[in-house]
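J.:
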Amino acid sequence: MKLRHYTLVLWIALFLVLGEVGLEWRANRRGYSSILFSQPTTEGAATAGEYGPTEEFPFRSRVVPVAKPAGTTRIWIASASYAEDKRFPASEIFPVLLEDELRARGHDVQVLNASKDGYSFASAVPMLRELGPEWRPDVVLLYHLTNDLDELAPRFLSVQGGGAPNARTEHGEASAAGAPANEVGEGDEEVARTERERPWPSRLIEATTAYAQAKNQFKARLVGLRILADELPPELVDALDERVMACADAARAIGARTVLCRFACSYPAALPGRMPADYRNNLYRYNSYLSERAWRSGVATFNDRLLEIGAREGLPVLDLSSRVAGRTALFRDFCHLKEAGHVEVAKQLADLLEPVLAERDGGSQGGGE
Amino acid sequence: MNFNSSEFLLFLPIVLIVCALLQRHRSLRHFALLVASYVFYMAWNWYYAGLIAGSTLVDYLIGRRLGHEEDERKRKLLLITSLTLNLGVLALFKYFNFFTDSGASLLQLVGFDVQPFEHSLLLPVGISFYTFQTLSYTIDVYWRRLRPETDLGKFALFVSFFPQLVAGPIVRASDFLPQLHVDVEGSRDRVRAGMARIFRGLFKKIVLADLLATFFVDEIFAHPSQHSSLDLLLALYGYAFQIYNDFSGYSDIAIGAAMLLGFHIPENFDRPYVSRNVREFWTRWHISLSSWLKDYLYIPLGGNRGGRTTRNLMITMGLGGLWHGAGLNFVLWGIYHGLLLVFARSSDRHADQRAPLTTLVRERFVTFHLVLLGWLLFRVRDMAHLGEYLTSFARFDLGTAIHPAAIGLLAFAALVHFTPRGFVDRALERFARLPELAQGAAYAVSIVVLCGLGVDAVVFIYFQF
Numbered sequence: 008m009k010l011r012h013y014t015l016v017l018w019i020a021l022f023l024v025l026g027e028v029g030l031e032w033r034a035n036r037r038g039y040s041s042i043l044f045s046q047p048t049t050e051g052a053a054t055a056g057e058y059g060p061t062e063e064f065p066f067r068s069r070v071v072p073v074a075k076p077a078g079t080t081r082i083w084i085a086s087a088s089y090a091e092d093k094r095f096p097a098s099e100i101f102p103v104l105l106e107d108e109l110r111a112r113g114h115d116v117q118v119l120n121a122s123k124d125g126y127s128f129a130s131a132v133p134m135l136r137e138l139g140p141e142w143r144p145d146v147v148l149l150y151h152l153t154n155d156l157d158e159l160a161p162r163f164l165s166v167q168g169g170g171a172p173n174a175r176t177e178h179g180e181a182s183a184a185g186a187p188a189n190e191v192g193e194g195d196e197e198v199a200r201t202e203r204e205r206p207w208p209s210r211l212i213e214a215t216t217a218y219a220q221a222k223n224q225f226k227a228r229l230v231g232l233r234i235l236a237d238e239l240p241p242e243l244v245d246a247l248d249e250r251v252m253a254c255a256d257a258a259r260a261i262g263a264r265t266v267l268c269r270f271a272c273s274y275p276a277a278l279p280g281r282m283p284a285d286y287r288n289n290l291y292r293y294n295s296y297l298s299e300r301a302w303r304s305g306v307a308t309f310n311d312r313l314l315e316i317g318a319r320e321g322l323p324v325l326d327l328s329s330r331v332a333g334r335t336a337l338f339r340d341f342c343h344l345k346e347a348g349h350v351e352v353a354k355q356l357a358d359l360l361e362p363v364l365a366e367r368d369g370g371s372q373g374g375g376e
Numbered sequence: 403m404n405f406n407s408s409e410f411l412l413f414l415p416i417v418l419i420v421c422a423l424l425q426r427h428r429s430l431r432h433f434a435l436l437v438a439s440y441v442f443y444m445a446w447n448w449y450y451a452g453l454i455a456g457s458t459l460v461d462y463l464i465g466r467r468l469g470h471e472e473d474e475r476k477r478k479l480l481l482i483t484s485l486t487l488n489l490g491v492l493a494l495f496k497y498f499n500f501f502t503d504s505g506a507s508l509l510q511l512v513g514f515d516v517q518p519f520e521h522s523l524l525l526p527v528g529i530s531f532y533t534f535q536t537l538s539y540t541i542d543v544y545w546r547r548l549r550p551e552t553d554l555g556k557f558a559l560f561v562s563f564f565p566q567l568v569a570g571p572i573v574r575a576s577d578f579l580p581q582l583h584v585d586v587e588g589s590r591d592r593v594r595a596g597m598a599r600i601f602r603g604l605f606k607k608i609v610l611a612d613l614l615a616t617f618f619v620d621e622i623f624a625h626p627s628q629h630s631s632l633d634l635l636l637a638l639y640g641y642a643f644q645i646y647n648d649f650s651g652y653s654d655i656a657i658g659a660a661m662l663l664g665f666h667i668p669e670n671f672d673r674p675y676v677s678r679n680v681r682e683f684w685t686r687w688h689i690s691l692s693s694w695l696k697d698y699l700y701i702p703l704g705g706n707r708g709g710r711t712t713r714n715l716m717i718t719m720g721l722g723g724l725w726h727g728a729g730l731n732f733v734l735w736g737i738y739h740g741l742l743l744v745f746a747r748s749s750d751r752h753a754d755q756r757a758p759l760t761t762l763v764r765e766r767f768v769t770f771h772l773v774l775l776g777w778l779l780f781r782v783r784d785m786a787h788l789g790e791y792l793t794s795f796a797r798f799d800l801g802t803a804i805h806p807a808a809i810g811l812l813a814f815a816a817l818v819h820f821t822p823r824g825f826v827d828r829a830l831e832r833f834a835r836l837p838e839l840a841q842g843a844a845y846a847v848s849i850v851v852l853c854g855l856g857v858d859a860v861v862f863i864y865f866q867f
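If you're matching them up, the sequences are chains A and B in order. Sequential numbering of the first sequence, starting at 8, is according to our numbering. Sequential numbering of the second sequence, starting at 403, is according to our numbering.
1) Looking at chain A, which residues of the region 827-851 of chain B have a Cβ within less than 7 Å of any of its Cβ atoms?
2) Alpha carbon to alpha carbon, how far is A/Val251 from A/Leu325? Give it in angstroms, no decimals.
3) Go ahead and label A/Ala227 buried or exposed: buried means 16 or more other beta carbons lie within 10 angstroms of its beta carbon, across all protein chains shown.
4) Select from A/Ser41, A/Val16, A/Ala318 the residue whose C-alpha is nearest the C-alpha of A/Gln220.
5) Decide if the region 149-166 of chain A is in contact with the region 114-133 of chain A; the criterion is three or more beta carbon pairs, one per stretch, under 8 Å apart.
6) So, does the CB of B/His521 fall closer than 7 Å to a CB anywhere in chain A?
7) Within the chosen definition, does the region 413-429 of chain B reach the region 139-151 of chain A through at least 3 CB pairs nearer than 8 Å?
8) Cβ closer than 9 Å: which chain A residues qualify as neighbours of B/Glu594?
9) Among B/Ile701, B/Arg673, B/Asn679, which one has its Cα closest to the Cα of B/Ile689?
10) Alpha carbon to alpha carbon, how far is A/Arg203 from B/Leu411?
11) Quick check: what's the CA-CA separation for B/Gly603 versus B/Ser692?
12) Note down the Cα distance separating B/Val512 from B/Phe498, rounded to an integer number of angstroms.
13) Between B/Leu830, B/Ala656, B/Trp687, which has its C-alpha nearest B/Gly570's C-alpha?
14) Within 7 Å of any Cβ in chain B, is that where the Cβ of A/Ser209 sits?
15) Going by C-alpha distance, which of A/Phe66, A/Arg233, A/Val266 is nearest A/Ala97?
16) Using a Cβ-Cβ distance cut-off of 7 Å, determine whether A/Gln224 contacts chain B.
17) Could you give the first and the last residue of the continuous alpha helix (DSSP H) run that contains B/Gln517?
18) Quick one, which residues of the region 573-592 of chain B are near chain A if we go by CB-CB under 8 Å, in chain order?
19) Take A/Val116 and list the residues in its own chain whose beta-carbon comes closer than 8 Å to its own, dropping the five residues that flank it on each side.
20) Would you kindly report the start and end of the unbroken beta strand (DSSP E) that includes A/Cys268?
21) So that I know if they touch, is there some Cβ in chain A lying closer than 7 Å to that of B/Ser530?
22) Got a sec: is the Cβ-Cβ distance from A/Glu282 to anything in chain B below 7 Å?
23) Mind checking the region 773-789 of chain B against chain A and listing, in chain order, the residues whose C-beta falls within less than 9 Å of any C-beta there?
24) Taking the C-alpha atoms as reference points, what is the distance between B/Thr502 and B/Leu724?
25) Please go through the region 798-850 of chain B and give each complete alpha helix (DSSP H) segment of 4 or more residues, from N-terminal end onward.
26) Please return the same chain residues whose Cβ sits closer than 6 Å to the Cβ of B/Leu554, not counting the five positions on each side in sequence.
27) Just to confirm before moving on: does the CB-CB distance between B/Ala611 and B/Asn647 stay below 7 Å?
28) Given a threshold of 16 other Cβ atoms within 10 Å of its Cβ, counted over all protein chains shown, does B/Lys496 qualify as buried or as exposed?
29) Starting from A/Tyr150, trace the beta strand (DSSP E) in both directions and tell me its first and last residue.
30) With 8 Å as the limit, tell me which residues of the region 26-45 of chain A have their beta carbon closer than that to any beta carbon of chain B; keep them in chain order.
31) By how many angstroms is the C-alpha of A/Ala121 removed from the C-alpha of B/Thr793?
32) Looking at the structure shown, is A/Ser273 part of a helix, part of a strand, or coil, going by DSSP?
33) Starting from A/Thr80, follow the beta strand (DSSP E) in both directions and report where the run begins and ends.
34) Going by DSSP, name the residue or residues bridged to A/Arg69.
35) May I ask which residues mark the beginning and end of the alpha helix (DSSP H) holding B/Leu634?
36) Just tell me which of B/Leu662, B/Glu838, B/Leu703, B/Leu772 has its CA closest to the CA of B/Ile600.
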C-alpha cells in the first residue's frame, strides 16, 4: 500500500483535528481552558499573587510563608472540586471565606486549601505525606465522598464478564472486587499507580474537547438506562471507613488533629422527590454504578459511619450536612456550591470549628498538643 | 492494547504511515510490522512477549528441521517436541490450576486431605490463539502440506501479526506466509473497504455488545436471584447477541486492519444465528477455530469413518470447549454441542435456504434456542452459578427491571443480525460510492460518537481465551 492510497485516513485525521480546534475555540470563548487555548486565570489583577496555587505555595488559598508563626493554627482542608471550585475566584471559595470568618472572630488561623478536582480520601493521603511535614498543619479537615464513591463503586459493583475463571485475574480485577476491607489500602495504591501509568495517548485523547463533549452528551444518558445498584454494598462502606482511617493516620503522623466533616449534598435522602434531571445527568457523568437513590442514601450511610468513626477514634465530627444539605438554593448541582453556598458553608464551618479551636487553644495554654 | 482504546486510535495510523513509507522495502516493512506487533502486545504485558518469541523460535527451528529430515521417527519426535512445548506452556498457564483443583477435589471425595497447589500466574492474552496458529504450521510442515519458512522474521510476523494476535481469527500459515513473499497490491478501494470493516466491528463492539452488557446482561448474570425469570431470559438473549457482536466485532476490526495493511485474513463469522441446524451453525460461528478443530483434531481422530463419528465428535467438541476456558462449564458446553452435532448428523450443514418460509423460520428458531441454551453454560461462572440461575428462572415470575430502551437495543441487535445480507451489502455499497471527503467526515463523527458511547472500557470477551 502506498501513502496515496491512505487519503481516506488523512481526511479522517483532518476532520478530527479541525473539529477539535473548532470545539476548543468555542470552549475557550465560553471560559474553559483547553489543550490549544489556555484560559486566563479567574483571579483579578488586584488579587494576583495573594492566592495560590503558586510554585512555592501549592494550595488554593491565601498565600502564607512555609514557616508557621507562633500561636497560629493551620487548618489543612483536604477536599475535592467542591472546595477547589475553579469556577470562582479563590477569594470567593469557602476555604478562604472560612479563614476570613475565623480571623474576624479573633482566631489566629491560616487555611491551607489542599483540595483538588477529582481528589478523594485516597489521594489526600499521599499529599498529606508529601507536603504535610513541611507545612505542619495543626488540624486536617476531611471533606470528601463523591470521588471515593466513583472510584470504589466500580470495584465493588463491577459485574463484567463471566465465563473463564482466569479472566478476572488476567485483567487485574481480582485485587479489587470483593477484596477484604483490610486489603483496600493496597488496592487504592494500585488504582493510583494505574492512573499514573496510563499511556500518554489515552491521556491526550481524553484531554480533548471533542472527547469531553462526546462523554458529556452520551455517558449520563446511557448510564440512566442501566440497571443500577440501589444501595451501597456494606463492603464499600467499610472501604470508605478504611480510607478515612488512612487519612487520619497520615494526619496523626505529622502531629495534626483530624476533623471529620459530614458530607452535604443538595438532595439528601430525607428530601422527597427526585433530583432535577440535569443534576442527575451530572451525577451519572461520573458514577456509572449507583442509582440516584443509592447515591443519596449512600451519603446518609457514609455520614452515619463518620459519626461511628468519630466516636470510635475520638475524632471531632462536624455536622455540616444537617446545616446545609437539602438547601437547594446553595447548590448548583448535586454537591457543588453556588456563590451563596460558599459563603454559607464558610459560616457554618466556622461555627462548627469553634469548639475544636477552643479545645485547641485551651490545650495550647496548658502546654500544647 | 485494545482495538477499542485511545492508544489504538493513534497506533494504527502510525503503523499505516510507516508501512506506506517503507512500501518499496518489503523486508523493512515486514520488520516494522513485526516491531509494531510486539509493541501492540507489550502494551498489555511486556514480559509475556517472551512467550510468543520463545514459541516462534521453537516452531521455526522445528519447522526447518522437519523440512530437511527424512527419517520418519525423527520427524515424529520433532512434532511431539513441538506439541509438548506449545501445549505444555498452554497447559501451565491456562489449565494447571483447573486440573490440580479437580484432582484435589476428587482425592478429597475419596477421603484424602489434599490441598490443591495453585499458581498465580496471569493468563497471557491470546495464548490459545497463537499456540493453535503455530501448531497448525508445525503439523502442516510435518504432513508435508507446507514448505517450512526459512526467514525467521517472516515466520515471527506470521505468529505475532497484531490484528489477529490476541483474539483471532486463527490464521493458517498456508494462508498467511505466501502473502509475505509477494508485493502487496494496494488501492484506495481496499483502504475504503478496510475502513468500513473496522467501523462495522467498532459499531458491533461498542454500540451493541458493550451496551447490552452494561445495560442489563452483566448485572443480571451477576445476581440472578435478584431478578425475575423474564429478566433472566432477556439477559440470556442479550448475552447471545453480546457475545456474537463482541467476537465478530473483533474479527471485523482484525480483518479490516489487515486489509489496510495489504493482507487478507479469513472470515470468522457468517451470521451464525440464521443457521437451520447445529452443523450449519458451526460453519458460521468462529469458523477459524471450528475448521482448525476439524482439520487438526477431528479428521486425524478418524473423522466420520470407521463408525467412530460419535466418539470423535465428542472428543473434538469437548476439547473445543476446554480450549475456551479452564472450567467445567466450558467442557459441558463443548459436550453439549458435541451431542447436538451427533443428533444433527443427518442434517445438511449447508442447508437449502430456499425452503418454505415456515420451515425456514421453524428450523432457525429451534437451532437458535438450542444454541442459546448452550450460551447459558458458557456464561455462568461455575455450576453453583448455573444452579442459582436455573432456580431463579424456575420461579417463572414476570416483571422487569430492564429499561425499555435497553430492550429496544436488544431488538435492534436482533434486527441487525437477521436483516438479509443483500440489504446490508447494498447500503454499504451506497456508502462506498460517496466521495472520500464525505466518508472521511462520517468516520470522524463516528469516532467521536463511539468515544462518547464507550461507557466503560470493556475488554473483548475472547481476550480471556
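Ideal Cβ placement from N, Cα and C applies to all residues, glycine included.
T.: Let's see:
1) Glu838, Leu839, Gln841, Gly842, Ala843, Tyr845, Ala846, Ile849, Val850, Val851
2) 14 Å
3) buried
4) A/Ser41
5) yes
6) no
7) no
8) Note that residue 594 of chain B corresponds to Arg in the displayed sequence, not to Glu. Here the neighbours are Leu15.
9) B/Arg673
10) Per-residue confidence for A/Arg203 stands at a pLDDT of 47, beneath the threshold of 50, marking its modelled position as unreliable; the derived number appears in the next sentence. Cα to Cα, A/Arg203 sits roughly 20 Å from B/Leu411.
11) 21 Å
12) 22 Å
13) B/Ala656
14) yes
15) A/Phe66
16) yes
17) Element bounds for B/Gln517: n/a, residue is neither H nor E.
18) Val586, Gly588, Ser589, Arg590, Arg592
19) Thr79, Thr80, Arg81, Ile82, Glu106, Leu109, Arg110, Leu364
20) 264-268
21) no
22) Reading the sequence as shown, one finds Met at residue 282 of chain A and not Glu. Answer no: the Cβ-Cβ gap between A/Met282 and chain B never drops below 7 Å.
23) Phe780, Arg781, Val782, Arg783, Asp784, His787
24) 15 Å
25) 806-820, 823-834
26) Tyr462
27) yes
28) buried
29) 146-150
30) Gly26
31) 52 Å
32) coil
33) 80-86
34) A/Tyr58
35) 631-662
36) B/Leu662
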